[in-house]
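Counting from 1, position 63 in the sequence shown corresponds to residue 65 in the working numbering; the numbering is continuous, with no gaps.
A quick write-up on the structure given underneath.
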Amino acid sequence: MKYIIKSIIDSQLKGFKTHQLNSKNLKCFTIPRNLIKNLMTIEDCNNSGIYFMANNYDKSLYVGQTDNLSNKLTDHNGNKEFEIAIALTTENNSFSKTHIDYLEYWYISEIKNKIIEYWWISTKEIEDLILMNMMKLN
Numbered sequence: 003m004k005y006i007i008k009s010i011i012d013s014q015l016k017g018f019k020t021h022q023l024n025s026k027n028l029k030c031f032t033i034p035r036n037l038i039k040n041l042m043t044i045e046d047c048n049n050s051g052i053y054f055m056a057n058n059y060d061k062s063l064y065v066g067q068t069d070n071l072s073n074k075l076t077d078h079n080g081n082k083e084f085e086i087a088i089a090l091t092t093e094n095n096s097f098s099k100t101h102i103d104y105l106e107y108w109y110i111s112e113i114k115n116k117i118i119e120y121w122w123i124s125t126k127e128i129e130d131l132i133l134m135n136m137m138k139l140n
């Protein structure tokens, strides 16, 4: 049986969540904008991965990929409007460029389908989509 573990990394980082399957090195982080500056201190956030930046106010969503999540999200923190970032990575930095290209394409396609059907996808729905896909990748 597979389980998703949800935990808050640090009581000082209120709102920062990590999600991980107990048997896999895949990790998903949910990061409020005001905590982006703390990413450099979290080892797995320096890995390659896919990220989502959502702004519920104007219903905008940006999906991207990078070889260093903390650097990329810190850069975007200064020039993009978003409330929350969600990142998918691995503990051992094992995503290849092919993995990342495919995952970015797959998530964009899935999110477009949800937006067409429901007009908007919430950050909770993005988290759920990532977690469901993490179980499939296991």
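Every residue gets a Cβ at the ideal spot worked out from N, C-alpha and C, and that includes glycine.
Margin query: Below 8 Å on the Cβ atoms is my contact criterion, and I expect alanine 87 with tyrosine 53 to pass it. Report the Cβ-Cβ distance as a whole number of Å.
Written below: With 8 Å as the limit, alanine 87 and tyrosine 53 qualify as a contact, their Cβ atoms being about 6 Å apart.
Notebook entry, point to check: By Cβ distance, which residues of its chain are closer than 7 Å to histidine 78, with the 5 residues on each side in sequence left out?
Noted result: Cβ neighbours of histidine 78 beyond the five flanking positions: Met55.
Check: What is the C-beta distance between threonine 68 and serine 50, in whole angstroms, given that I count them as a contact (C-beta under 8 Å)?
Finding: Rounded, the Cβ-Cβ distance is 6 Å, consistent with contact.
Check: Thinking just about the alpha-carbon of each residue, which of Asn27, His21 and Ile128 is nearest to the one in serine 62?
Finding: Among Asn27, His21 and Ile128, the Cα nearest to that of serine 62 belongs to Ile128.
Check: Of all Cβ atoms in chain C, is any one closer than 8 Å to the Cβ of tyrosine 107?
Finding: The displayed structure is made up of one protein chain only, and chain C is not part of it.
Check: lysine 126: buried (16+ other C-beta within 10 angstroms of its C-beta) or exposed?
Finding: Per the 10 Å Cβ criterion, exposed.
Notebook entry, point to check: Secondary structure at tyrosine 104, three-state DSSP: helix, strand or coil?
Noted result: DSSP, reduced to helix, strand and coil, places tyrosine 104 within a helical segment of the structure shown.
Notebook entry, point to check: Which class does tyrosine 59 belong to by DSSP, given the choice of helix, strand or coil?
Noted result: If DSSP states are grouped into helix, strand and coil, tyrosine 59 belongs with coil.
Check: How is methionine 3 classed by DSSP in three states: helix, strand or coil?
Finding: Any answer about methionine 3 is weak, because its pLDDT of 46 lies below 50 and its placement is not dependable; what the coordinates show is given next. Looking at methionine 3 - three-state DSSP - the assignment turns out to be coil, as it is neither helix nor strand.
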